[in-house]
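The numbering of the sequence shown is this note's numbering, which starts it at 33 and goes up by one. Heads up, the thing below is written out as structure tokens.
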Amino acid sequence: MDAPTTTSGENDMTGGGGWFMPRKASSTPPPDDDQATHTDSAPGQGDLGGHQGDTDPSSGPVRRPAPPAEEGSPDALLIRGTMSEIGPVADKVTSYFYALLFVRHPELRSLFPAAMDTQRDRLLKALLTAAEHLDNTPVLVDYLRNLGRGHRKYGTRAEHYPAVGECLIGALSKYAGAVWNAETEAAWVRAYTTISQVMIDAAASDELRAPAWWQAEVVTHDLRTPDVAVLTVRPDQPYPFLAGQYTSVETPWWPRVWRHYSFASAPRSDGLLTFHVKAVPAGWVSNALVHRARPGDVIRLGPPAGSMTVDHSSDSGLLCLGGGTGIAPIKALVEDVAERGERRLVEVFYGARTDHDLYDIDTMLRLRQSHPWLSVRAVIDQQAHLQLPDAVRAYGPWNEYDAYLSGPPGMIRNGIDMLRDIGVPSSRIRHDSVEDLLVGVD
């Protein structure tokens, strides 16, 4: 996908968008997140990869239900009350926050992209995520650790966090006046202190074992359709990842602007990485990768993220739904099963709007010919007049399968509902959403 999708799962809390957020993650995916759905939209979004399929901005992300407002610890209740108060003026809050940050700490401006339009809503999304999960320590800590590791690529350092906290409190106190008092401010200070420390510690630990980013040279650029390209790149040093994960990508044409894309293959012995990218309207990174990138160009990759990976300790069948460029991580999962010599049943449903959009169907059919345990079915909305999740109902039963979904947010949401309706337990449904099923990856 321009990014990907997980258990959420992600996801993994897959990374991206956080308390100190030099870029992305919107409830409705930004232009470059055509997949994710992709995580995550990555490679699609980056789309969250593969982040995956054409983005449907109107569909919105998949979210976990928030706990009742009246439940939670005292600090959680105060923080949720603040978020409820500033909701109607969220744009003003975020604009004021960044104005404070750049006036008081102008040295931090260089960490952010030149254009801030896609950046501004990241603060509110991160705050909503924290408020929603403040009392769910395992989930929140996992999410924050991924944020801390992911923010290394922006040049974020430990000394930046106090400045962000100072300006955050300033913006909240200005626009949440009706509920703001000393007790509320103390709750926010405690929460932010804990949150920032988790991120700082995660970044410090990650620094001991991995670079903040990898340089990667484009070695092939295959334009499959006028707006979909398959890129293969060679990292400048080993890049460890798992099939089903995604990464963030920065191009030389748009510095400090990152988008998520899923890996379109399992790890290879030659170390090469492949992504599927769909150029979307106003998508800076996706259009650069599809229409400007050529062999010899060098891009940057962030660390791998995402939890839409295969559980090889199980022998359950895999039910895989891939929409648009969301087929990228699905292909990687199939290769992962094949490389381990497993004979698990794998059922792939490949969704597209037209025949023309089945740009990777030949690859999937070749895999099917080589592996008798693999089934591949193409679902074309325009001809069948039904969506991919609906087509899955005609086959099965699927309640004993592990389900993997990768594609546009609308497809992910409908797919999850459909799978639950037909008896697939939520614990067996994996996907990385644009918000990583929390706020999202970069």
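Glycine included, every Cβ here is placed at the ideal spot set by N, Cα and C. Being a predicted model, the structure only gives us computed values, none of them experimental.
- By a beta-carbon distance limit of 8 Å, residue 322 contacts residue 309. Their separation comes to about 6 Å.
- In the same chain as residue 460, and ignoring 5 residues on each side of it, the C-beta atoms closer than 8 Å to its own belong to 348, 433, 434 and 435, in chain order.
- In the DSSP assignment, residue 448 falls within the unbroken alpha helix (DSSP H) covering 441-453.
- In this structure, the alpha-carbon of residue 343 lies about 10 Å from that of residue 369.
- Our two residues, residue 412 and residue 296, have alpha carbons roughly 21 Å apart in a direct line.
- The beta-carbon separation of residue 176 and residue 231, rounded to 5 Å, stays under the 8 Å limit for a contact.
- In terms of CA proximity to residue 133, 203 leads the group 203, 174 and 172.
- In this structure, DSSP gives residue 247 an extended state, which the three-state scheme calls strand.
- The alpha-carbon separation between residue 279 and residue 141 amounts to approximately 24 Å.
- Out of 427, 403, 444 and 421, the CA that lies nearest to the CA of residue 372 is found in 403.
- Closest option to residue 464, judged by alpha-carbon separation, among 358, 189 and 379: 358.
- Restricted to the segment 260-343, the beta strand (DSSP E) segments that are unbroken, complete and at least 3 residues in length are 260-267, 278-282, 290-294, 305-310 and 330-333, listed in chain order.
- Cα atoms of residue 400 and residue 242: separation of roughly 36 Å, rounded to the nearest angstrom.
- A residue is called buried when at least 16 other Cβ atoms come within 10 angstroms of its Cβ; residue 224 meets this threshold and is buried.
- Taking 8 Å as the cut-off, the Cβ atoms of residue 379 and residue 352 count as close.
- Distance between residue 255 and residue 326, taken at the CA atoms: about 11 Å.
- In the DSSP assignment, residue 434 falls within the beta strand (DSSP E) that extends over 434-438.
- Exclusion of the five residues before and after residue 235 leaves 180, 181, 183, 184, 188 and 190 as the residues of its chain whose Cβ lies within less than 8 Å of its Cβ.
- Shown here, residue 254 sits in a strand according to DSSP, grouped into three states.
- Between the alpha carbons of residue 425 and residue 442 lies a gap of roughly 17 Å.
- In the three-state reduction of the DSSP assignment, residue 382 falls in the strand class.
- Here the C-alpha atom of residue 340 lies approximately 12 Å from the C-alpha atom of residue 350.
- Here the C-alpha atom of residue 115 lies approximately 15 Å from the C-alpha atom of residue 105.
- Here DSSP, grouped into helix, strand and coil, assigns residue 219 to helix.
- Proximity of the segment 117-135 to the segment 256-270 falls short of the contact definition, fewer than three beta-carbon pairs being nearer than 8 Å.
- Looking at the DSSP output, residue 351 bridges to 379 and 435.
- Counting of Cβ neighbours within 10 angstroms places residue 318 among the buried residues, the total reaching 16 or more.
- A buried status is given to residue 289, since no fewer than 16 other beta-carbon atoms sit within 10 Å of its beta-carbon.
- The Cβ neighbour count for residue 440, taken over all protein chains shown within 10 Å, is at least 16; the residue is labelled buried.
- Contact between residue 281 and residue 293 holds: their C-beta atoms lie close to 5 Å from each other, under 8 Å.
- A direct Cα-Cα distance of roughly 23 Å separates residue 377 from residue 419.
- Relative to the Cα of residue 381, the nearest Cα in the group 237, 334 and 363 belongs to 363.
- Assignment of beta-bridge partners to residue 406 by DSSP yields 378.
- Closest by C-alpha distance to residue 386, out of 449, 438, 229 and 355, is 355.
- In the displayed model, residue 189 falls within coil according to three-state DSSP, outside both helix and strand.
- The beta carbon of residue 245 lies closer than 7 Å to those of 185, 332, 333 and 334 in the same chain, with the five residues before and after it left out.
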